[in-house]
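Have a look at the structure below, then the notes.
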Amino acid sequence: MARWMLPSFLFLLLLCSSDGNDEVPRRQRWMDRFTPIETFWELHERPNLKVTVSSEPRFTVLAPDLLRTDSQENIHLQAEGLSSPVTVSISIIDFSKTTMLLQDSVTLNLENGYHTLKTLQLSSDGLEREEKKNKFVHLKVDFVGHHSMEKILMVSFHSGYIFIQTDKPIYKPGDTVRFRAFTSSPTFKAFNSSVTIDIQVSRIQAFDGVFGDTFPLSEIVNEGQWTVIAKFDHWEQNTFTSQFQVKKYVLPAFNVTLTPRKSFLDLDDTELEVEIWARYLYGEPVQGTAYVVFGVKINQEMRRLPAVKQVTDLNGGVVKLSMEEIKRAHPNIRSLVGSSVYVKASVLTKSGSDLVEAEKTGIKIVESLYAISFKDAPKYFKPGLPLDFTIQVSQHDGSPARNVIVKVTFLDTPLVVSSGTTRATVNMPPQQRAQTITAETVQAGLRPEQQAKQQFTVQPFATFRSLKQNYLHISTGTNTVSLGDRLSLKMSITVADPTYRQHITQITYMVLNKGKIIVAERVDVAGQLITGVDLHVTPEMMPSFRFVAFYSIPWDGGEEVVPDSIWVDVEDSCVGGLNVGPVDGVGRDYKPGKSFSFQIRGDPGAKVNLVAVDNAVFLLNRDRLTQGKVCVCLCVCLCVSLCFLG
């Protein structure tokens, strides 16, 4: 009997061990109710167990997890605990380990602080680029005489970007489509490249980063949405599109604008007022009558209301839709919350010679006057430390709300959002469990159901040891900067035991942008409670970047890496300057068939492409290539992950 005593005791010990949480669901999986053995030993310290720090040298390599060919990529090399220079050999080998694709070396010494940002450029020549399957390579880094490490990286054949511009957004059958393709490298430098344009199914050459051509439409052609496809090769990340519309149309003689006096319809409103403006393209007001109908858009279905209203004042005249008219068609008015009102107007000139139609959609039916959202909301928090995030309060048309009072979880005093956006910092509780952050407007004069409310949930950051929490916290007064600014960041270290702090002497920080490490530095933190870093915002950091920092503690059982990061938005702007305008001192009245002069100001040596189009075309279709669309395209490629070798 005695021989079964010890195994039985251990079995009961595991069964009886729990996390002390009385709220565990009754049907939770049996394995989830037991404490892992690693946590058990942390809860019940073993006798004579000492946590010791290793004095052996340490080596770190940070590289992009996705390696782009034919582009300069940076990897960060770091050595600690050395007193003499070390040569670092870097090699990239194909996945089968039969072909050496790249070989380079660098020396770490006292002059560079035993760390450096090494630039590599992997050629695609030996990687069979035309094969339609993912490619992988081996990155091998050898700190000669000390340590060697290896990692498998995925290869990307991303060649750059193509921005396609057509001279008009809409064409008639028989028109000629004029288009250009602007090519840029991943670093947004114009370059010569072969590009395939699918309209003509031909391969052409873009010189100085620009290719221009025409495509005639036949008189008998399929009407609808057409797509121009430009690509460097068959890879999806190297394929770009632009669309234009083909249909029969007549250029409008004048422009009709419908402007709601409120961008939304509140359930407590008695009516909706819409101003009607009709002007010729040269600015003169139109004389005539507007015939107006309203409707409600429910689940993409547009349901017209029966009344037709007439307005003769086309210079800001007002047409009204009463709430009673909506209730007659939809008695359960609250069921319309989230739907929208639309208005259509047909304007006929007094002579009856011209008719132009206009439509305004998206006038939301709301119960709350505001909408709350979180920008850059984090997924994790560090117990007992501040949590930073941005609160946005807007009208229902997306415009910023002003002077709105917002109550936030863990804040004793409400915030005043003066111009639509505010930065919030809350002190998180020390408990290691998920927390829900709620932001709610508390505007005077509004009923509870009229207040806007939004929330998000954050999980506790998982540390190296669950009961020995060591943290790094990065804070900044803003998450939006402009080109040329100096961003001040503060980094603070929190350790579970004060004796750990003596082993933390430096913090490594990096700036990541568009899948690339563009800055990597180390800063001394010995004896400092808070360490400041000033970062100069350069064009390389546009349109946004991520600041990443970490420190490490070399325990005998394994190195503990403690990281933190923040995302920073850079306000949209052009690196270069361009201005098109009239010549000083020359009249601005132009006549049909006559030439005119204008001046262009820009960076010396820049190549400028011009296009002229009848402004009336954009009254039919306002889709055009803009700076905002370019930035949206770039934001798709901003995400980056790093592989950490150490």
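All letters in the sequence shown, in the order written, are residues -20 to -1, 1 to 626 by mature numbering (1 follows the signal peptide of the UniProt record, and there is no 0).
Just so you know, even glycine gets a beta-carbon here, dropped at the ideal spot from N, CA and C.
- In this structure, Lys152 is the residue among Ile142, Lys152 and Ser243 with its C-alpha nearest to the C-alpha of Val597.
- Here Thr40 is buried, its C-beta having at least 16 other C-beta atoms within 10 Å.
- Beta-bridge annotation (DSSP): Trp206 is paired with Phe224.
- Ile72 sits buried, since 16 or more C-beta atoms from the chains shown fall within 10 Å of its C-beta.
- Of the other Cβ atoms in all chains shown, fewer than 16 fall within 10 Å of the Cβ of Arg314; this residue is therefore exposed.
- Where Ala309 is concerned, the enclosing alpha helix (DSSP H) starts and stops at Met303 to Ala309.
- Between the alpha carbons of Val591 and Ser85 lies a gap of roughly 49 angstroms.
- Bridge pairing for Leu452: Ile473 [DSSP].
- Asn235 is not a Cβ neighbour of Leu467, given a cutoff of 8 angstroms.
- Glu501 is the residue among Glu501, Leu100 and Asp564 whose C-alpha sits nearest the C-alpha of Tyr94.
- If you draw a 10 Å sphere on the C-beta of Pro44, you find 16 or more other C-beta atoms in it, and that means buried.
- Taking C-beta separations shorter than 6 angstroms and ignoring five residues to either side along the sequence, the partners of Tyr141 in its chain run Ser164, following chain order.
- Classified as exposed, Ser174 has fewer than 16 neighbouring CB atoms from the shown chains inside 10 Å of its CB.
- Membership of Phe436 in the beta strand (DSSP E) is indicated by the continuous run Lys433 to Pro440.
- Distance from the CA atom of Thr146 to the CA atom of Asp213, rounded to whole angstroms, is 22 angstroms.
- The continuous beta strand (DSSP E) containing Arg38 extends over residues Arg38 to Pro44.
- If you ignore the 5 residues before and after Thr292, its C-beta comes within less than 7 angstroms of the C-beta of Thr269, all in its own chain and listed in chain order.
- Look at Glu108 here: in three-state DSSP terms it is coil, with no helix or strand label.
- When DSSP states are grouped into helix, strand and coil, Tyr480 belongs to the helix group.
- Taking Leu57 as reference, the option from Thr79, Arg48 and Leu100 with the minimal CA-CA separation is Leu100.
- Judged by pairs of C-beta atoms under 8 angstroms, the stretch 398 to 413 touches the stretch 363 to 380, as three or more such pairs exist.
- Counting only runs of 4+ residues, the alpha helix (DSSP H) found wholly inside the stretch 258 to 337 occupies 303 to 309, in chain order.
- For Asn559, the secondary structure class from DSSP, reduced to helix, strand or coil, is strand.
- Going by beta carbons, Leu245 and Ile345 fall inside the 8 angstroms limit.
- With contact defined as three or more Cβ pairs closer than 8 angstroms, the stretch 300 to 308 and the stretch 333 to 340 are not in contact.
- A distance of 8 angstroms or more separates the beta carbons of Val33 and Phe75.
- Cβ-Cβ separation between Phe525 and Val548: approximately 6 angstroms, consistent with a contact (criterion under 8 angstroms).
- Annotation: Ala381 to Trp215 spans about 43 angstroms, alpha carbon to alpha carbon.
- Taking the Cα of Thr405 as reference, the smallest distance to any Cα among Glu264, Asp392 and Arg413 is reached at Asp392.
- Collapsing the DSSP output to three states places Leu47 in a strand.
- For Glu91, the secondary structure class from DSSP, reduced to helix, strand or coil, is coil.
- In the displayed model, Leu599 falls within a helix according to three-state DSSP.
- DSSP, reduced to helix, strand and coil, places Gln430 within a helical segment of the structure shown.
- Of the residues Glu60, Thr49, Asn54 and Ser35, the one whose Cα lies closest to the Cα of Val491 is Asn54.
- Per DSSP, the beta-bridge partners of Lys355 are Thr370.
- Thr167 is the residue among Ser398, Ala59, Thr167 and Pro149 whose C-alpha sits nearest the C-alpha of Thr518.
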